[in-house]
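K.L.:
Position in the sequence shown (from 1) plus 95 gives the number in this note's numbering. Ideal Cβ placement from N, Cα and C applies to all residues, glycine included. Note that the structure is a prediction, hence the values are computed from the model and not measured.
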Amino acid sequence: MRHLSCLLCLLYLSCIISPVQAEDAALEGTLFYPSGSTADNAILIYHYRFPCPASDDICAEGIRAQSEYAWKELSEFTVPILGESLTFPTEVTLDYVCTCDNDAYVSYRYETTTVSEDTHSVVWAAHVFARTGSKAGLIISLPDYLGLLTAEDHNDTWLENRQTEKCNRLVREKMMQALSGTDLPELEDAIAWDFYPEEDFFLDADGEPVFFLQPDLFPSIDTPLTLKLTRQALSDEL
96 MRHLSCLLCL LYLSCIISPV QAEDAALEGT LFYPSGSTAD NAILIYHYRF
146 PCPASDDICA EGIRAQSEYA WKELSEFTVP ILGESLTFPT EVTLDYVCTC
196 DNDAYVSYRY ETTTVSEDTH SVVWAAHVFA RTGSKAGLII SLPDYLGLLT
246 AEDHNDTWLE NRQTEKCNRL VREKMMQALS GTDLPELEDA IAWDFYPEED
296 FFLDADGEPV FFLQPDLFPS IDTPLTLKLT RQALSDEL
C-alpha cells in the first residue's frame with residue numbers, strides 16, 4: 096500500500112479530539128493546526144473517520160489496528176507536515192464506507208476531500224481485509240484476493256512482483272477497453288501511470304472487485320470512473 100512513512104514529528108497539535116471507540120462506532124474526530132489554534136483561526140482543520148468494529152474476531156482486531164495506526168500517522172505526521180506547507184486555510188475530510196462484509200472479506204472505500212481558497216480535490220483509497228486463511232485480519236492485495244499469492248509468497252520478492260505485474264497488466268487492459276470510447280484526454284497515460292490495480296479496488300456487496308481511477312484525474316466528469324470485474328473472469332485470464 097502507498098503508506099506514508101511512519102515518522103514522529105516534533106511539531107505539536109492543539110485541540111486533538113481523542114479517538115472514539117464505542118460499540119460499532121468509528122474512530123473519529125478533528126485535528127487542528129497549528130498549536131493553539133481553533134476552528135476559527137486554524138490553517139488546517141482535518142476531520143477524520145476510520146472504521147472501528149466492536150467484535151472480537153481476528154478480522155475486527157486487524158481493522159482496529161490498521162485504523163489506530165492510520166490515526167497515529169495522521170496526527171503525528173500528516174497533519175503537521177501538511178499544515179506547515181499551507182498558504183490558505185484548508186479543511187480536509189476523510190471518511191469511509193463499508194462496501195463489502197461477508198464471510199470471507201471486509202472491504203472499505205475511503206474518500207479524502209480537501210477544500211481551500213485555491214483547491215478542491217477528492218482522493219479515493221481502499222482496503223480489503225481477509226476474514227480467513229493465513230492473512231486473516233490483514234489487508235490483502237489483488238494477487239492475494241485472486242489466490243495467486245500466499246502469505247509465504249510475500250517473502251519471495253521476485254514472485255510477488257511477477258504476480259502483481261500480471262494482475263496489473265490484465266486489469267489495465269480491461270480498464271482501457273471499457274473506457275476506449277469516452278474520448279477522455281490523456282486516458283492512456285492516466286491508466287498507465289496513475290492507476291494501481293493491485294490496490295485501487297474495493298469489493299462490492301457481492302464480493303466482486305470494483306477498480307477505480309482517482310476522481311481528480313478527470314475533473315470534468317461528475318462520477319469517478321469505476322470498472323466492476325468478476326473474480327472468476329480475472330482468474331480465467333491469468
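#1: So, under 8 Å CB-CB, residue 313 and residue 305 are touching, yes? Tell me the CB distance rounded to an integer number of Å.
#2: Have a look at 318, 317, 302 and flag the residue whose alpha-carbon is nearest the alpha-carbon of residue 324.
#3: Could you tell me if residue 215 is buried or exposed, where buried requires 16 or more neighbouring beta carbons within 10 angstroms of its beta carbon?
#4: Check whether the region 147 to 154 and the region 206 to 223 touch, using three or more Cβ-Cβ pairs below 8 Å as the test.
#5: Name the DSSP beta bridge partners of residue 170, please?
#6: Mind checking whether residue 308 and residue 223 have CB atoms under 7 Å apart?
#7: Just verifying my parser: in three-state terms, what is the DSSP assignment at residue 230?
#8: Taking C-alpha atoms, which residue in 184, 143, 163 lies nearest to residue 192?
#9: What's the call for residue 167, buried or exposed, on a 16-neighbour Cβ count within 10 Å?
#10: Output the distance between the C-alpha atoms of residue 310 and residue 291, rounded to the nearest integer angstrom.
#11: Rounded to whole angstroms, what's the CA-CA distance from residue 287 to residue 278? Just pull it up for me.
#12: Would you call residue 127 buried or exposed, if buried means 16 or more other Cβ atoms sit within 10 Å of its Cβ?
#13: Let's see if you can read the secondary structure: which residues bound the alpha helix (DSSP H) around residue 221?
#14: Use the C-beta contact count for residue 203: other C-beta atoms within 10 angstroms, 16 or more gives buried, fewer gives exposed.
#15: Determine the direct distance from the alpha carbon of residue 218 to that of residue 250, and round the result to whole angstroms.
#16: Which class does residue 157 belong to by DSSP, given the choice of helix, strand or coil?
#17: Output the distance between the C-alpha atoms of residue 267 and residue 172, rounded to the nearest integer angstrom.
#18: DSSP puts residue 142 in a beta bridge; with which residues?
#19: Using CA coordinates, which residue listed in 320, 227, 165 is at the minimum distance from residue 147?
#20: Can you say whether residue 259 is buried or exposed, counting buried as having 16 or more other CB atoms within 10 angstroms of its CB?
#21: Skipping 5 residues on each side, what residues in its chain have a beta carbon closer than 8 Å to that of residue 293?
#22: With a Cβ-Cβ cutoff of 7 Å, do residue 181 and residue 207 count as a contact?
#23: Buried or exposed: residue 183, going by 16 or more other Cβ atoms within 10 Å of its Cβ?
#24: Using the Cα positions of residue 121 and residue 163, report the straight-line distance between them to the nearest angstrom.
P.N.:
Concretely, from the data shown:
#1: Here residue 313 is taken as the residue at index 218 of the sequence shown, counted from 1. Here residue 305 is taken as the residue at index 210 of the sequence shown, counted from 1. Contact doesn't hold; Cβ gap of about 17 Å is too wide.
#2: Here residue 324 is taken as the residue at index 229 of the sequence shown, counted from 1. Minimum Cα distance to residue 324 is reached at 302.
#3: Here residue 215 refers to the residue found at position 120 of the sequence shown. Exposed, because fewer than 16 other Cβ atoms sit within 10 Å of the Cβ of residue 215.
#4: no
#5: The residue labelled residue 170 in the question sits at position 75 within the sequence shown. Beta-bridge pairing links residue 170 to no other residue.
#6: On the sequence shown, position 213 is the one that residue 308 refers to. On the sequence shown, position 128 is the one that residue 223 refers to. Result no, Cβ atoms of residue 308 and residue 223 do not sit closer than 7 Å.
#7: To locate residue 230, count along the sequence shown from 1; it is residue 135. Three-state result, residue 230: coil.
#8: Locating residue 192 in the sequence shown gives position 97, where the first residue counts as 1. Among 184, 143, 163, the Cα nearest to that of residue 192 is on 143.
#9: Here residue 167 is taken as the residue at index 72 of the sequence shown, counted from 1. Classification of residue 167: exposed, given that the 10 Å Cβ count is below 16.
#10: To locate residue 310, count along the sequence shown from 1; it is residue 215. To locate residue 291, count along the sequence shown from 1; it is residue 196. The straight-line gap from Cα to Cα measures roughly 14 Å.
#11: Position 192 of the sequence shown, counting from 1, holds the residue named residue 287. Position 183 of the sequence shown, counting from 1, holds the residue named residue 278. Each residue's Cα considered, the two are about 16 Å apart.
#12: To locate residue 127, count along the sequence shown from 1; it is residue 32. Buried: at least 16 other Cβ atoms inside 10 Å.
#13: On the sequence shown, position 126 is the one that residue 221 refers to. Looking at the DSSP string, residue 221 is not in any alpha helix (DSSP H); the run it does join, the beta strand (DSSP E), is 214 to 225.
#14: The sequence position of residue 203 within the sequence shown is 108, counting from 1. By the 10 Å Cβ count, residue 203 comes out buried.
#15: The sequence position of residue 250 within the sequence shown is 155, counting from 1. The sequence position of residue 218 within the sequence shown is 123, counting from 1. About 31 Å.
#16: Position 62 of the sequence shown, counted from the start, is the residue given in the question as residue 157. Here residue 157 sits in helix by DSSP.
#17: Here residue 267 refers to the residue found at position 172 of the sequence shown. Here residue 172 refers to the residue found at position 77 of the sequence shown. Straight-line Cα distance between these residues: approximately 33 Å.
#18: Within the sequence shown, residue 142 is the residue found at index 47, counting from 1. Bridge partners of residue 142: 125, 188.
#19: Taking the sequence shown and counting its residues from 1, one reaches residue 147 at position 52. Measuring from the Cα of residue 147, the nearest candidate turns out to be 165.
#20: In the sequence shown, residue 259 corresponds to position 164, counting from 1. Buried, by the Cβ-count rule.
#21: Translated into the one-based positions of the sequence shown, residue 293 becomes position 198. Counting only Cβ-Cβ distances below 8 Å, and skipping sequence neighbours, we find 236, 237, 238, 259, 262, 263.
#22: Numbered from its first residue, the sequence shown carries residue 181 at position 86. Numbered from its first residue, the sequence shown carries residue 207 at position 112. Contact: no.
#23: Position 88 of the sequence shown, counted from the start, is the residue given in the question as residue 183. Looking at its Cβ environment, which holds fewer than 16 other Cβ atoms inside 10 Å, residue 183 is exposed.
#24: Here residue 121 corresponds to residue number 26 of the sequence shown, with the count starting at 1. Here residue 163 corresponds to residue number 68 of the sequence shown, with the count starting at 1. The straight-line gap from Cα to Cα measures roughly 11 Å.
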